[in-house]
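Enquirer:
Protein chains: 2
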Amino acid sequence: MSEPNWLNADESRAWRSLQFLNTPLSAALNRQLSRDSNLSNADYAVLVQLSEAPDLKLRARDMVVAIGWEKSRLSHHIRRMEARKLVGREECLTDGRGAFITLTPTGRAAIEQAAPGHVNAVRSYVVDLLTPAQLESLAEIGEIVGARLKADGCAEAEAAGCADTDAASESLADNCSA
Amino acid sequence: MSEPNWLNADESRAWRSLQFLNTPLSAALNRQLSRDSNLSNADYAVLVQLSEAPDLKLRARDMVVAIGWEKSRLSHHIRRMEARKLVGREECLTDGRGAFITLTPTGRAAIEQAAPGHVNAVRSYVVDLLTPAQLESLAEIGEIVGARLKADGCAEAEAAGCADTDAASESLADNCSA
DNA sequence: AGAACTAAGGTGATGCGTCAACTAGCCGGG
DNA sequence: CCCGGCTAGTTGACGCATCACCTTAGTTCT
């Protein structure tokens, strides 16, 4: 256990190739999004949540859970998005501490304009390149690792966070098409 | 093409589950590394390169290629690592512009102490959880997406970067065990 | 009612990563 | 020789993410 058990050739190939699915992929998606729509992945996630919310507004508390961020991250991010007029803030009348984050018309326009391109990007970088069997395999692998991360105890925000971030992008797909 | 072609259930399951392999996974590895060894993934990548270099030193130029970072990122990072005594700097006598990055004894101790735990983490979060067939599948998928990213034209630093970052962690495995 | 606790949200500091711009040294052609 | 263009590396500014800490407001217990 404490003695190094180095990776063999197959293992290292898999591990190495997994790296392609990490930073470079999300960087590519990010680039597409920011080039075509001047939004970051993070912006997109926030806007998706808002656009799916009942009155196009959401308590910060709920957003945190939905996206899986830390509240301070959300707070910082909302401040920046507010400066860009993508979202607004509103007081919560029933809870003096509460704060609603609202979707502005600008923000709504932005997400609607961005969504099709984003889905296309997801397709062109991943989904459309794989066979159904590979998609199935990928789903299994991701779920296994995801479960491991959750079991780890440190997964709370982590796993949920990212999963939902893009689960969101995908559920927007559903909602928008409807 | 310009008309949204939303993801179907299988596609979205795969896409969603892929998110687990992204940020949360590298965050978990990062956490392990920083908890056990007070190093970040980025620190680790740099130290691996140095520890594999001929005289435990490397031109910044070569490091950039090996890790796949932007030179400015490397420069900033080296500055920070230098402050922690993990690496040093040395002039290049044959090229007035050149700069060597050197591995300090402190840095060497750090990487040697960190490597076994890191490999263990990689195993426990991913490699050991998957069947050989899944590892094979993962390798294929990563390579397909990686190739796509490279073909995209924007892949230069990106794909190479992250791939090598952890190819490095893995090749350290080989070298260290030797 | 009042003390202790918890929940909601925000802030400041810090490290990280990218972009654009800059300096300094090399190299080749006139 | 010197001028243009290239390469190596650094710097500063900015946005992003996290950490630790703070304030304020609800909640609970006595």
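Quick mapping for you: the protein sequence lines, in order, are chains A and B. Residues 27 to 204 in the working numbering are what the first sequence lists, from first letter to last. Residues 27 to 204 in the working numbering are what the second sequence lists, from first letter to last. Ideal placement from N, C-alpha and C gives every residue a C-beta, glycine not left out.
#1: For chain B, check one thing: does any of its Cβ atoms lie closer than 8 Å to the Cβ of Tyr70 (chain A)?
#2: Is there a Cβ of chain B sitting closer than 8 Å to that of Ala92 (chain A), yes or no?
#3: Among A:Pro50, A:Ser101, A:Ala68 and A:Leu73, which residue has its Cα nearest to the Cα of Arg174 (chain B)?
#4: Would a check of beta-carbon distances place Val209 (chain B) closer than 8 Å to chain A?
#5: Roughly how many angstroms separate the alpha carbons of Arg57 (chain B) and Trp41 (chain B), rounded to a whole number?
#6: State the Cα-Cα distance for the pair Val74 (chain B) and Thr120 (chain B), rounded to the nearest angstrom.
#7: What do you get for Gly168 (chain B), buried or exposed, if any count of 16 or more other CB atoms within 10 angstroms of its CB means buried?
#8: Which residues, in order along the segment 110–129 of chain B, keep a beta-carbon less than 9 Å from a beta-carbon of chain A?
#9: Please decide whether Trp95 (chain A) counts as near chain B, where near means a Cβ-Cβ distance under 8 Å.
#10: Using only CA atoms, which one of A:Cys118, A:Gly94 and A:Ala68 lies nearest to Arg105 (chain A)?
#11: For Asp36 (chain A), go through chain B and note every residue whose CB falls closer than 8 Å to its CB, in chain order.
#12: What are the boundary residues of the alpha helix (DSSP H) that includes Lys97 (chain A)?
#13: If you count every other CB in all the chains shown that lies within 10 Å of the CB of Glu182 (chain A), and 16 or more means buried, which is it?
#14: Mapping DSSP to helix, strand and coil, what is Ala79 (chain B)?
#15: Should Ser60 (chain A) be flagged as near chain B, meaning a C-beta pair shorter than 8 Å?
#16: For the segment 133–152 of chain B, enumerate the residues whose C-beta is nearer than 8 Å to any C-beta of chain A, in chain order.
#17: Check whether the Cβ atoms of Asn85 (chain A) and Gly124 (chain A) sit closer than 8 Å, and answer yes or no.
#18: Step through the CB atoms of chain B and report whether any lies within less than 8 Å of the CB of Leu51 (chain A).
#19: Assuming Ile170 (chain A) contacts Leu155 (chain B) (C-beta within less than 8 Å), just tell me the rounded distance between them.
#20: Where in the segment 105–139 of chain B do unbroken runs of the beta strand (DSSP E), each at least 3 residues long, occur, reported from the N-terminal end onward?
#21: Secondary structure at Leu164 (chain A), three-state DSSP: helix, strand or coil?
#22: Output yes if chain B places a C-beta closer than 8 Å to the C-beta of Ser272 (chain A); else output no.
#23: Got a sec? Which residues, its chain only, sit under 8 Å from Leu55 (chain B) by beta carbon, not counting five neighbours each side?
#24: Could you have a look at Leu65 (chain A) and say whether DSSP puts it in helix, strand or coil?
#25: By how many angstroms is the C-alpha of Gly122 (chain B) removed from the C-alpha of Ser163 (chain B)?
#26: Please state whether the Cβ-Cβ distance between Asp36 (chain B) and Pro131 (chain A) is less than 8 Å.
#27: Quick one: residues in its chain with C-beta nearer than 7 Å to the C-beta of Gly179 (chain A), no 5 flanking neighbours on either side, listed in chain order?
#28: Would you kindly work out how many angstroms separate the C-alpha atoms of Ser43 (chain A) and Leu161 (chain B), rounded to a whole number?
#29: Nearest to Pro80 (chain A) by alpha carbon, out of A:Thr128, A:Asn48, A:Phe46 and A:Gln139?
#30: Under 9 Å Cβ-Cβ, which residues of chain A neighbour Asn64 (chain B)?
#31: Quick one: Cα of Val153 (chain B) to Cα of Phe126 (chain A), how far?
Expert: This is what the structure gives:
#1: no
#2: no
#3: A:Pro50
#4: Residue 209 (chain B) lies beyond the stretch modelled for chain B, which goes from 27 to 204, so this question has no answer here.
#5: 25 Å
#6: 25 Å
#7: buried
#8: none
#9: no
#10: A:Ala68
#11: Pro158, Leu161, Glu162 and Ala165
#12: Lys97 to Ala109
#13: Legend: pLDDT at Glu182 (chain A) = 38, less than 50; position of this residue unreliable, value from coordinates given subsequently. It counts as exposed.
#14: coil
#15: no
#16: Ala141, Pro142, Val145, Asn146, Val148, Arg149, Ser150, Tyr151 and Val152
#17: Contrary to the premise, residue 85 (chain A) reads as Arg rather than Asn in this sequence. Their beta carbons are under 8 Å apart, which means Arg85 (chain A) touches Gly124 (chain A) by this criterion.
#18: yes
#19: 5 Å
#20: 113–117 and 125–129
#21: helix
#22: No answer is possible for residue 272 (chain A): the residues shown for chain A start at 27 and end at 204.
#23: Asn67, His144, Ala147, Val148 and Tyr151
#24: coil
#25: 48 Å
#26: no
#27: Any reading at Gly179 (chain A) needs caution, since the residue's pLDDT is 46, under 50, leaving its predicted position unreliable; the model's value is listed next. If we look at Gly179 (chain A) and ignore the five residues flanking it on each side, it has no Cβ neighbours.
#28: 10 Å
#29: A:Thr128
#30: By Cβ distance, chain A contributes nothing, its closest Cβ being about 17 Å from Asn64 (chain B), past 9 Å.
#31: 43 Å
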